[in-house]
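Numbering (my numbering), first residue to last: 620 to 762.
Shown next, in structure tokens, is the structure this report addresses.
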Amino acid sequence: IITYANDAQVKLAGVSGSDKEKIIAVIQQLKCGGRTSGGKAIKAAYDIAEKNFKKQGVNQIILSTDGGFNGLTDTEEQLIKLIEKKANEQIEFSVLAFGKNRIGKQLIMQLANKGNGFYLYIQNEDDANAKLIETVKLQSKIK
Numbered sequence: 620i621i622t623y624a625n626d627a628q629v630k631l632a633g634v635s636g637s638d639k640e641k642i643i644a645v646i647q648q649l650k651c652g653g654r655t656s657g658g659k660a661i662k663a664a665y666d667i668a669e670k671n672f673k674k675q676g677v678n679q680i681i682l683s684t685d686g687g688f689n690g691l692t693d694t695e696e697q698l699i700k701l702i703e704k705k706a707n708e709q710i711e712f713s714v715l716a717f718g719k720n721r722i723g724k725q726l727i728m729q730l731a732n733k734g735n736g737f738y739l740y741i742q743n744e745d746d747a748n749a750k751l752i753e754t755v756k757l758q759s760k761i762k
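What follows is the structure, given as structure tokens:
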């Protein structure tokens, strides 16, 4: 888990999805605020993904945002190239967009597409439950 408000900060790295309590505890402490350092956060996420890469595993970065995305430290073109390159190296990139903020929506949709991942816009808790469960099944190859 990496926050990307005023700067990219690693809050939890290299933890198995089965360690639910630790993950939930970190998520519950997260707070919104500051500007978006998205490019830095994405680079940090790829560093962590590479260190924890599983050859036959699900290697994926999931960007969660308030529905928009700005504050890139690199050009959009450089970021797109990085995400495409990493997707070819079996690290997918996906986006969960919450809320009404539409700044940068086209960019984050393009990043998910280039990253061989998914883009989900989530309007409320019911929407989250339905979409996330189905997406996790599809991504995990659960039938």
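C-beta: ideal position from N, C-alpha, C; glycine also.
Query raised in the report: So, do the region 727 to 747 and the region 705 to 715 have three or more beta carbon pairs nearer to each other than 8 Å?
Result: By the Cβ criterion, the region 727 to 747 is in contact with the region 705 to 715, since at least three pairs of Cβ atoms, one from each stretch, lie closer than 8 Å.
Requested in this report: Whole angstroms is fine: what's the gap from isoleucine 621's alpha carbon to lysine 630's?
Outcome: Cα to Cα, isoleucine 621 sits roughly 5 Å from lysine 630.
Query - Inter-residue spacing [alpha-carbon to alpha-carbon] between lysine 750 and isoleucine 667 - result: The straight-line gap from Cα to Cα measures roughly 26 Å.
Query raised in the report: Using CA coordinates, which residue listed in Gly658, Lys674, Cys651 is at the minimum distance from threonine 694?
Result: When only C-alpha atoms are compared, the closest one is Gly658.
Query raised in the report: Going by DSSP, which residues form a beta bridge with glutamine 628?
Result: Glutamine 628 is bridged to Thr622.
Query raised in the report: Where DSSP assigns a beta bridge to valine 714, which residues make up the other side?
Result: Answer is Leu682, Tyr738, bridged to valine 714.
Query raised in the report: In three-state terms, what does DSSP make of glutamine 725?
Result: Glutamine 725 falls in the helix class under three-state DSSP.
Report task. Would you identify the three-state DSSP class for asparagine 748, choosing helix, strand or coil? Result -> DSSP, read as helix, strand or coil, puts asparagine 748 in helix.
Query raised in the report: What whole-angstrom Cβ distance do isoleucine 710 and asparagine 678 have, given they're in contact under 8 Å?
Result: Beta-carbon to beta-carbon, isoleucine 710 and asparagine 678 are separated by about 5 Å, close enough to satisfy the 8 Å threshold.
**Report entry** Reduced DSSP category for glycine 658 - H, G, I as helix; E, B as strand; rest coil
**Finding:** It is helical.
Query - isoleucine 699 and leucine 682 closer than 9 Å at C-beta - result: Result no, Cβ atoms of isoleucine 699 and leucine 682 do not sit closer than 9 Å.
Report task. To the nearest angstrom, report how far apart tyrosine 740 and isoleucine 752 are at their CA atoms. Result -> Per the coordinates, the alpha-carbon of tyrosine 740 lies some 14 Å from the alpha-carbon of isoleucine 752.
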